[in-house]
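> Could you have a look at this structure, given as structure tokens, before my questions?
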Amino acid sequence: MKTGKLWELIKEMTLEEKASLCSGADFWRTKSVGRLGIPALAVSDGPHGLRKQENAADHLGMNESIKAVCFPAGCAVAASFSRDTARLLGETLGKECQAEAIGVVLGPAMNIKRSPLCGRNFEYYSEDPYVSSEMAAAYVEGVQGQNVGTSPKHFMANNQEYRRMTSSSVMDERTMREIYLASFEGMVKKTKPWTIMNSYNRINGTYLCESREMLTDILRDEWGFDGFVVTDWGAMNDRVSALKAGCDLEMPSSGGITDAEIVEAVKAGSISEEVLDETVYRILRITYRCMANRKEGAVLDLEADHEVARRIEEESIVLLKNEDGILPLKKGKKTAFIGKYAKNPRYQGGGSSHINSFRVESAWEMAEDKENMIYAQGYDDAEDVTDEELLKEAVKAAQDAEVAVIFAGLPDSFESEGYDRKHLRMPDCQNRLIKEVAAVQPNVIVVLHNGAPVEMPWINKVKAVLEVYLGGQAVGGATVDILYGKTNPSGRLPETFPIRLEDTPCYLYYGGENDVSEYREGIFVGYRYYTSKNMKTLFPFGYGLSYTSFRYSGLNLEKKAVKESEILNVSVEVTNTGMAAGKEVVQLYVSPKGGKVIRPVRELRAFDKIELMPGEKKTVRFALDSRAFSYWNSKNHDWHVETGDYEIQVGKNASEMLLAEIVHVESEKEIPREYTLNSTVGDILSDPKGKAVMEQAMGGMMSSPEAAQMAEQAAAGGVMNTEMLAAMMEGMPLRQILSFIPGVKKEDLLGLITFLNEK
Ligand code: BGC
Numbered sequence: 222m223k224t225g226k227l228w229e230l231i232k233e234m235t236l237e238e239k240a241s242l243c244s245g246a247d248f249w250r251t252k253s254v255g256r257l258g259i260p261a262l263a264v265s266d267g268p269h270g271l272r273k274q275e276n277a278a279d280h281l282g283m284n285e286s287i288k289a290v291c292f293p294a295g296c297a298v299a300a301s302f303s304r305d306t307a308r309l310l311g312e313t314l315g316k317e318c319q320a321e322a323i324g325v326v327l328g329p330a331m332n333i334k335r336s337p338l339c340g341r342n343f344e345y346y347s348e349d350p351y352v353s354s355e356m357a358a359a360y361v362e363g364v365q366g367q368n369v370g371t372s373p374k375h376f377m378a379n380n381q382e383y384r385r386m387t388s389s390s391v392m393d394e395r396t397m398r399e400i401y402l403a404s405f406e407g408m409v410k411k412t413k414p415w416t417i418m419n420s421y422n423r424i425n426g427t428y429l430c431e432s433r434e435m436l437t438d439i440l441r442d443e444w445g446f447d448g449f450v451v452t453d454w455g456a457m458n459d460r461v462s463a464l465k466a467g468c469d470l471e472m473p474s475s476g477g478i479t480d481a482e483i484v485e486a487v488k489a490g491s492i493s494e495e496v497l498d499e500t501v502y503r504i505l506r507i508t509y510r511c512m513a514n515r516k517e518g519a520v521l522d523l524e525a526d527h528e529v530a531r532r533i534e535e536e537s538i539v540l541l542k543n544e545d546g547i548l549p550l551k552k553g554k555k556t557a558f559i560g561k562y563a564k565n566p567r568y569q570g571g572g573s574s575h576i577n578s579f580r581v582e583s584a585w586e587m588a589e590d591k592e593n594m595i596y597a598q599g600y601d602d603a604e605d606v607t608d609e610e611l612l613k614e615a616v617k618a619a620q621d622a623e624v625a626v627i628f629a630g631l632p633d634s635f636e637s638e639g640y641d642r643k644h645l646r647m648p649d650c651q652n653r654l655i656k657e658v659a660a661v662q663p664n665v666i667v668v669l670h671n672g673a674p675v676e677m678p679w680i681n682k683v684k685a686v687l688e689v690y691l692g693g694q695a696v697g698g699a700t701v702d703i704l705y706g707k708t709n710p711s712g713r714l715p716e717t718f719p720i721r722l723e724d725t726p727c728y729l730y731y732g733g734e735n736d737v738s739e740y741r742e743g744i745f746v747g748y749r750y751y752t753s754k755n756m757k758t759l760f761p762f763g764y765g766l767s768y769t770s771f772r773y774s775g776l777n778l779e780k781k782a783v784k785e786s787e788i789l790n791v792s793v794e795v796t797n798t799g800m801a802a803g804k805e806v807v808q809l810y811v812s813p814k815g816g817k818v819i820r821p822v823r824e825l826r827a828f829d830k831i832e833l834m835p836g837e838k839k840t841v842r843f844a845l846d847s848r849a850f851s852y853w854n855s856k857n858h859d860w861h862v863e864t865g866d867y868e869i870q871v872g873k874n875a876s877e878m879l880l881a882e883i884v885h886v887e888s889e890k891e892i893p894r895e896y897t898l899n900s901t902v903g904d905i906l907s908d909p910k911g912k913a914v915m916e917q918a919m920g921g922m923m924s925s926p927e928a929a930q931m932a933e934q935a936a937a938g939g940v941m942n943t944e945m946l947a948a949m950m951e952g953m954p955l956r957q958i959l960s961f962i963p964g965v966k967k968e969d970l971l972g973l974i975t976f977l978n979e980k
């Protein structure tokens with residue numbers, strides 16, 4: 222029996238009114254029902270600022286939205302490796318939503334960066350599901366803490382822009398669980414987002430909006446999601462199937478067409494009215510929650526939020542190279558700022574996340590030491606063509622200076638929602654500019670404005686590289702503070718920068734064919750691939766430098782052996798051994814030693830960002846539960862821990878481990894074994910019960926005079942050495958014993974199997 226005010230209200234509604242709530246009134250609002258006083262719910266993009274459209278509306282960022290603050294994009298926020306930073310962004314955005322009467326903000330965007338080519342990577346967090354899930358969870362907590370809803374997106378496996386509305390992401394169950402679902406799982410369980418947005422694409426052939434497995438079995442029944450599912454804009458396929466699968470709200474408006482389909486389906490009995498009622502309940506619950514929590518009188522403080530955007534970016538900038546301690550720059554030195562992005566930074570990407578910034582701050586504008594500075598534009602980014610005059614002027618400026626800072630990166634046309642990149646190169650005109658400036662000036666610093674990794678053919682010719690990502694409208698001030706040492710850089714790469722595109726794990730099949738995108742690299746995404754293959758990268762996952770140095774010591778595991786249900790407490794000490802205050806991202810990886818399951822060499826299982834004054838030492842503590850040691854067992858359809866040794870590694874990044882200790886973990890959920898005539902001798906010997914039985918039986922079999930004679934003959938004829946004999950035995954299915962070991966009967970083997978299978 223469903224009771225409560227909402228159910229009373231639903232009872233009052235006609236079938237048509239209920240169906241009408243299942244699609245939008247327009248681009249950004251749900252429908253109201255005047256007769257019953259049911260209000261509409263207003264939503265807005267997200268994720269890194271408010272894109273509230275008051276007039277002509279669209280989902281591609283084409284028409285103007287209100288003046289707002291553009292915060293750093295997801296690529297940058299994730300590089301902060303700071304939950305507090307992601308939470309601060311969420312909180313600030315939540316307040317802005319309150320001021321603008323927005324009930325739900327459409328974000329965070331949290332798809333896995335399967336390939337650096339994905340045109341929308343700038344909005345996403347990471348190639349690692351744990352980082353993605355943790356950052357998203359903090360963002361959601363921030364927004365929802367202001368009593369505004371979120372819509373984490375795009376659920377799920379929407380990892381390419383190419384044919385995103387029709388393509389099917391095809392992958393095995395383990396890959397789905399360990400990588401693509403895991404990116405959402407922790408966030409959903411921890412924060413209970415008010416809504417979630419299903420993606421356009423299909424998963425293993427089924428449109429996400431119609432996937433009951435994803436929207437109901439996993440999202441609601443397993444993870445406890447209790448909000449409503451909204452389609453991405455235009456992601457509805459078959460309305461009635463989607464309703465059955467658990468897809469609640471279709472956005473934007475369907476012009477009433479699909480509402481009528483629902484009415485008809487209920488009348489025809491092809492869907493029960495209870496299913497519709499559940500959907501209406503879920504939509505109304507969130508609508509009324511938003512209404513009840515509206516803060517009348519909240520105001521948008523653009524200036525204050527601009528400062529927040531700057532603070533977030535300062536946490537996020539990654540120092541990739543700093544030879545001879547060229548950074549921080551010293552004031553009073555003749556410095557050339559070169560490149561269009563010094564005055565007109567590229568600070569956000571194109572598409573539905575595009576913000577109408579009320580102000581944009583450039584590095585040139587924010588730099589204080591202007592009497593010692595010169596500017597040269599160097600290139601234009603409208604087209605990838607070298608302007609020889611601009612180039613000449615830039616080289617001259619570099620020659621006249623003691624140090625040259627080149628502001629480079631990807632132009633808008635190189636990365637955007639809607640299409641993928643074809644290569645990882647920066648514009649040729651910019652690469653040429655960097656090379657020519659570096660030929661006349663030994664002190665070159667490159668500041669990169671991009672949403673995803675680029676190749677750096679000039680890396681050995683420049684002294685320093687600063688990755689500022691798409692840093693939001695306050696990127697200029699944040700960059701200047703880092704360049705001149707007012708802020709110590711503390712960002713770390715949430716993704717690997719490969720040396721070249723051909724090195725990336727899904728290079729051969731990214732994008733797919735005929736609307737099928739096979740995820741053949743499986744779980745080996747990002748650093749899981751590069752580290753397992755011991756490959757060189759341009760910069761590894763987790764990488765980033767500081768103006769100070771840190772020493773790690775005293776890695777301590779509370780226990781040397783744990784059962785899988787126990788928590789393993791780990792601590793490590795970190796000391797700031799340099800002269801500047803700084804922040805360090807302490808990264809903990811788990812590396813299985815042995816075991817029968819194919820696994821990455823290591824996986825990030827915990828991280829923390831800490832601040833240390835010069836000379837200060839802090840103890841960082843982590844608590845690892847069984848998930849830190851688990852893999853997804855596709856036979857059992859569950860997480861499983863293999864009994865064995867695991868190395869707890871603490872490192873600077875995915876490729877540089879500093880300290881390691883072994884823990885033995887004992888599984889409490891061994892996978893039951895099922896023996897058949899095709900089980901091998903080796904399989905049986907690896908089971909203690911099987912070993913005892915087998916040794917006894919084999920001893921008997923092998924000691925028959927015929928068997929002994931066969932073994933002797935094989936050894937004497939040089940046909941087999943001992944290793945070969947052992948390997949043959951190990952790999953031999955039981956059924957073969959009948960042909961190779963005289964005297965053994967099939968009944969004996971079947972009896973053995975029955976005995977082994979007895980619980
Ligand atoms: C995007 C979503 C966005 C929606 C509304 C879609 O094209 O994929 O991320 O929230 O439009 O603008």
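Numbering-wise, my numbering comes out as the position in the sequence shown, counting from 1, plus 221. Note that the Cβ used here is the ideal one computed from N, Cα and C, for glycine as well. Quick caveat: nothing in here was measured; it's all calculated off a predicted structure.
Is it true that the CB of residue 628 sits closer than 9 Å to the CB of residue 675?
Not a contact, by the Cβ cut-off of 9 Å.
> Are residue 983 and residue 295 touching if we call contact CB-CB under 9 Å?
The displayed coordinates of the chain run from 222 to 980. Any statement about residue 983 would go beyond what the structure contains.
> Any heavy atom of the ligand ADP closer than 8 Å to the CB of residue 638?
No copy of the ligand ADP occurs in the structure displayed; its ligands are the ligand BGC alone.
> Quick one: is the Cβ of residue 679 within less than 8 Å of any heavy atom of the ligand BGC?
No, the beta carbon of residue 679 sits no closer than 8 Å to any heavy atom of the ligand BGC.
> Hey, would you say the C-beta of residue 401 is under 8 Å away from at least one heavy atom of the ligand BGC?
No, since every heavy atom of the ligand BGC falls outside the 8 Å radius drawn around the Cβ of residue 401.
> Count the other CB atoms, across all protein chains shown, that sit within 10 Å of the CB of residue 942; report buried if there are 16 or more and exposed otherwise.
Flag for residue 942 reads exposed.
> If we count the other Cβ atoms within 10 Å of its Cβ and call it buried at 16 or more, is residue 269 buried or exposed?
Counting Cβ neighbours within 10 Å, residue 269 comes out buried, since at least 16 surround it.
> Runs of 4 residues minimum, wholly inside the segment 528-592: which ones carry the alpha helix (DSSP H) assignment?
Entirely contained in the segment 528-592, the alpha helix (DSSP H) runs reaching 4 residues are, in chain order, 584-587.
> Do the segment 544-551 and the segment 232-250 make contact, defined as three or more Cβ pairs closer than 8 Å?
Touching, no.
> Mind reading off the beta-carbon distance from residue 714 to residue 539? Whole number of angstroms is fine, and I expect it under 8 Å.
Residue 714 to residue 539, Cβ: 6 Å. Contact.
> If we ignore side chains and look at the alpha-carbon of each, how far apart do residue 973 and residue 911 end up?
Looking at the two C-alpha atoms, the distance is approximately 9 Å.
> Using a threshold of 8 Å, is the CB atom of residue 585 nearer than that to any non-hydrogen atom of the ligand BGC?
Every heavy atom of the ligand BGC is 8 Å or more from the Cβ of residue 585, so no.
> Tell me, please, whether the segment 817-837 touches the segment 752-767 by the rule of three or more beta-carbon pairs shorter than 8 Å.
Yes, the segment 817-837 touches the segment 752-767.
> For a minimum of 4 consecutive residues, which ranges assigned as the alpha helix (DSSP H) are wholly contained in the segment 693-747?
You should have 696-704.
> What residues match up with residue 782 in a beta bridge as DSSP calls it?
Note: residue 782 sits in a beta bridge opposite 885.
> Apply the 10 Å Cβ neighbour rule to residue 961 and answer buried if 16 or more other Cβ atoms are within range, or exposed otherwise.
Per the 10 Å Cβ criterion, exposed.
> Provide the residue span of the alpha helix (DSSP H) that contains residue 860, from first to last.
Per DSSP, residue 860 belongs to no alpha helix (DSSP H); it is in the beta strand (DSSP E), 859-861.
> So, at 6 Å on beta carbons, what are the nonlocal neighbours of residue 898 in its own chain, with the 5 sequence-adjacent residues on each side left out?
These residues qualify, in order along the chain: 955, 956.
> Does the Cβ of residue 571 have 16 or more other Cβ atoms within 10 Å, making it buried, or fewer, making it exposed?
By the 10 Å Cβ count, residue 571 comes out buried.
> Give every residue of the same chain whose Cβ lies closer than 6 Å to the Cβ of residue 254, excluding the five residues on either side of it in the sequence, and list them in chain order.
Here the set comprises 238.
> State the Cα-Cα distance for the pair residue 875 and residue 451, rounded to the nearest angstrom.
Each residue's Cα considered, the two are about 36 Å apart.
> Under a Cβ-count criterion, where at least 16 other Cβ atoms within 10 Å of its own Cβ denotes burial, should residue 265 be classed as buried or exposed?
Per the 10 Å Cβ criterion, buried.
> Measuring alpha carbon to alpha carbon, tell me which of 566, 652, 593, 637 ends up nearest residue 608.
It is 652 whose Cα lies nearest to the Cα of residue 608.
> So, is residue 817 buried or exposed, given that buried needs 16 or more other C-beta atoms within 10 angstroms?
Looking at its Cβ environment, which holds fewer than 16 other Cβ atoms inside 10 Å, residue 817 is exposed.
> Going by DSSP, what residue range makes up the alpha helix (DSSP H) through residue 976?
That run of the alpha helix (DSSP H) goes 967-978.
> So the beta strand (DSSP E) residue 595 belongs to, where does it begin and stop?
594-597 is the extent of the beta strand (DSSP E) around residue 595.
> Closest to residue 721 by C-alpha separation, out of 692, 744, 677, 733, would be which residue?
For residue 721, the nearest C-alpha among the options comes from 677.
> Do residue 455 and the ligand BGC come close, with the Cβ less than 8 Å from some heavy atom?
Residue 455: yes, Cβ under 8 Å from the ligand BGC.
> To the nearest angstrom, how far is the alpha carbon of residue 279 from that of residue 245?
Using only the alpha carbons, I get a separation of about 13 Å.
> Answer yes or no: do residue 312 and residue 289 have a C-beta to C-beta separation smaller than 9 Å?
No. Outside cutoff.
> Evaluate residue 325 with the Cβ neighbour count: other Cβ atoms within 10 Å of its Cβ, from every protein chain shown; 16 or more gives buried, anything less gives exposed.
Result: buried.
> May I ask you to check if the CB of residue 563 is nearer than 8 Å to at least one heavy atom of the ligand BGC?
Flag unset: Cβ of residue 563 not near the ligand BGC.
> Can you list, in chain order, the residues of its chain whose CB lies under 8 Å from that of residue 842, leaving out five sequence neighbours each side?
So the list reads 790, 791, 792, once near-sequence residues are dropped.
> Does the ligand BGC have even one heavy atom less than 8 Å from the beta-carbon of residue 330?
Yes.
> For the putative contact between residue 427 and residue 467, defined by C-beta atoms under 8 Å, what is the C-beta separation to the nearest angstrom?
The pair is not a contact, with the Cβ atoms about 13 Å apart (cut-off 8 Å).
> From this set, 473, 742, 811, 958, which residue's C-alpha is nearest residue 823's C-alpha?
Looking at the Cα atoms, 811 is the closest of the given residues.
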